[in-house]
Each structure stands twice: as structure tokens, then as C-alpha cells.
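Q: Position in the sequence shown counted from 1, then plus 19, gives you our numbering.
For every residue, glycine included, the Cβ atom is placed at its ideal position computed from N, Cα and C.
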Amino acid sequence: MASAGSSANANAAAKFWDYFQAEKTQITAHVAQNDVQNRVRELDSKVREALIYLPAYDQKQLTKELDGLRALVQKSNPASSRNTGFRFKTATARPSVAKQTVEEIVPVTEPVTNPTDHGSASTPSILFSKITNQWIVATSNDNDATDCELRDISHCVVDLRAVSHHIRALNCHRMKDSIVICHPFAGSATIRDAQNSIVILGVQQLRFEGCKDVDVYTHCTSHPVIERSTSMRFSPYPAFVHSIEKSQPSLHDKIEDFNWLRRQHSPNWTLIDPETLNVLWKLLEDPKHPLHDALTHAPQ
Numbered sequence: 020m021a022s023a024g025s026s027a028n029a030n031a032a033a034k035f036w037d038y039f040q041a042e043k044t045q046i047t048a049h050v051a052q053n054d055v056q057n058r059v060r061e062l063d064s065k066v067r068e069a070l071i072y073l074p075a076y077d078q079k080q081l082t083k084e085l086d087g088l089r090a091l092v093q094k095s096n097p098a099s100s101r102n103t104g105f106r107f108k109t110a111t112a113r114p115s116v117a118k119q120t121v122e123e124i125v126p127v128t129e130p131v132t133n134p135t136d137h138g139s140a141s142t143p144s145i146l147f148s149k150i151t152n153q154w155i156v157a158t159s160n161d162n163d164a165t166d167c168e169l170r171d172i173s174h175c176v177v178d179l180r181a182v183s184h185h186i187r188a189l190n191c192h193r194m195k196d197s198i199v200i201c202h203p204f205a206g207s208a209t210i211r212d213a214q215n216s217i218v219i220l221g222v223q224q225l226r227f228e229g230c231k232d233v234d235v236y237t238h239c240t241s242h243p244v245i246e247r248s249t250s251m252r253f254s255p256y257p258a259f260v261h262s263i264e265k266s267q268p269s270l271h272d273k274i275e276d277f278n279w280l281r282r283q284h285s286p287n288w289t290l291i292d293p294e295t296l297n298v299l300w301k302l303l304e305d306p307k308h309p310l311h312d313a314l315t316h317a318p319q
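Below you can see the structure in the form of C-alpha cells.
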């Protein structure tokens, strides 16, 4: 006989499936509208929040359908995928053979209409897109919860610590040879198509898709999920980075690999010592922002 908890989860999963399909129908019907990408972003956030009770098959299927919606929106309305709503106070960094000179990139958050709020206040979003060879420091005066997105980031350090308390969901697409730093926040993070990178963050839900050679220093209160990912290395969130509430145990070592169904340990992930971050952390705290040195001394 099914337990009350499992029955409740099944009912919640069924209701969410119906909600998702209804939203998908509406988005498809209005795909030509300029603001439809905001609706896809909100739906993606809802899916991440529902991961705690959705069965594995539903998680895979909804993620696949979300990817299809993003592709449809981009194809039907290319202007919707442009990096709008932010101005960067920086000049393009010029990499040199010996050392790179970088400047801070400061996002200016502006309201973005969210059609799923049905008349509520607009929801801002932090977005960094198509950036190479930069030390990015996010700042924001906004007091509301927001989503943060990183897209097409290469050879960068992305410091989100100053806005961590605003973030409800972090979504990263296509990251290579980069480092992301974020203080713990009460939300979820989804990292897709990351290679040879480091992620330092504390979240309630954490998911990696299509990633390779990624070091993850995390405090996660649910089982982290990896899918189509290899050479993943997990470690507890280092105490010297930020203090963690002891009443919330971390499940950083309870990885669920959706592509490994055997009882034996998955070969796609291992555990590493948080002390491996010591040398790199000194460079990350350097006010001079030594980008080249930080990326060179990243633990491998």
C-alpha cells in the first residue's frame, strides 16, 4: 500500500504535469510575442521547484519539452533572446600572453514584464551573456527575489556573492573554463553544458545536464542530480567561503545519476576534499582580480 507521502507526491506531480501542459499550449500559441521568453523562464523556474516531488521520468520529459520550447521561441522570435535590460560598465578585456587586464562588469537591473504573474509586480532578472575573458562582479540595488542566468560564458570568473540573497533560481547555459561563486540562497540551480569549470554555491536543489570536468563545492539540502554528465567532482561547501546553517545537513555526496541505473557507484562522479580550493580562494579574494592566475590555478 502506498504511503500518504507518496500519494501526496503523486497527486502533486499529476497536477503539475497538467499545469505544465497548459502553459506549454499557451506559450506555443503566443510564441511570436516579444515577452514570451519571460514566460518560458518562469516555467523553467517552476519545474526546478517541483523537482523535489516529480518522478524521474517526469523530470526528464519536462526538461526535454522545456528545451523544445526554448528552441521554438528562439526560432520564432530571435529578438527575444537578445541580452536586454542591462548595461555593462566595462571595456572589452584584451588578453595578453602573460596576464590579462580585466574590469568589473556591473549589471543594472531593470523590470521585465512577467506574464505568468497575472497583474502582480514585474519580476527583474540578472543576465550575463556571451562574455569571454572577464572578471564579472554582479551588483544590484533590487530587494526582490529574482532569477539569474548565465549564457555562453568562457574563461571568466563570475562573482554573484553580492546578489546571492536576491536569487531564487540560477540557470547557466554553455560555460567553459570558468568559475562561478555564489553564497547560499534558498532556491535552485541548473547548470547545462558546462566544461572544465568550477561552481561554488549553496542551494536547495542542484542539477547538471550535459556537463564534463566540473568541480562542485556545494551545500545542497536535496540530492544533486546529474544527467549526461561525466568527470563530475563534488565537495562540501568550504567553511572559509561562507558560513552555513548547521540545522540544514548537506546532501552534496548523495548524487543521483539519471544515466546510471546500476547498484554500483556511478563512474561519472567522485568526491574531492574542500581543501583543494585553498590556493584558488586566495586568488579569488584578491581585489586586483588576477583572472589569468585564478583560471590557471584552478584545481584539476
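For TRP279, which residues from the same chain have a beta carbon less than 8 Å from its beta carbon, with the 5 sequence-adjacent residues on both sides left out?
A: The residues are SER285, PRO286, ASN287.
Q: I'd like the span of the beta strand (DSSP E) that includes TYR236, first residue to last.
A: Where TYR236 is concerned, the enclosing beta strand (DSSP E) stretches over 231 to 239.
Q: Once the 5 residues before and after LEU290 are set aside, which same chain residues still bring their CB inside 8 Å of it?
A: Taken in chain order, the residues that qualify are ARG252, PHE253, SER254, ASP272.
Q: Please say whether ALA208 and LEU225 have beta carbons closer to each other than 7 Å?
A: Their beta carbons are under 7 Å apart, which means LEU225 touches ALA208 by this criterion.
Q: Are the CB atoms of GLN223 and THR240 within a distance shorter than 7 Å?
A: For THR240 and GLN223, yes; Cβs fall inside 7 Å.
Q: State the beta-bridge partners of ASP276 as determined by DSSP.
A: DSSP lists ILE245 as partners of ASP276.
Q: Helix, strand or coil for LYS65? Go by DSSP, reduced to three states.
A: The answer is helix: DSSP assigns LYS65 an H, G or I state.
Q: Which residue marks the beginning of the alpha helix (DSSP H) containing ALA205, and which one marks its end?
A: Here ALA205 belongs to no alpha helix (DSSP H), and DSSP marks it neither H nor E.
Q: Less than 6 Å between C-beta atoms, sequence neighbours within five positions excluded: which residues of the same chain meet that for PHE35?
A: Answer for PHE35: ALA69, listed in chain order.
Q: Using the Cα positions of ALA313 and THR151, report the straight-line distance between them to the nearest angstrom.
A: The alpha-carbon atoms of ALA313 and THR151 are separated by roughly 15 Å.
Q: Look at the alpha carbon of GLN52 and the alpha carbon of ASN96, and state the distance between them as a whole number of angstroms.
A: Their backbone Cα atoms lie some 8 Å apart in a straight line.
Q: For the candidate residues ASP234, ILE219, PHE277, SER197, whose alpha-carbon lies nearest to that of VAL260?
A: Selected option, being the one with the closest Cα: ILE219.
Q: For a quick check, are the C-beta atoms of PHE204 and LEU169 less than 7 Å apart?
A: Contact: no.
Q: Please classify GLU294 as buried or exposed, where buried requires at least 16 neighbouring CB atoms within 10 angstroms.
A: Per the 10 Å Cβ criterion, exposed.
Q: By alpha-carbon positions, which one of VAL66, LYS94, PRO74 ends up nearest to GLU84?
A: For GLU84, the nearest C-alpha among the options comes from VAL66.
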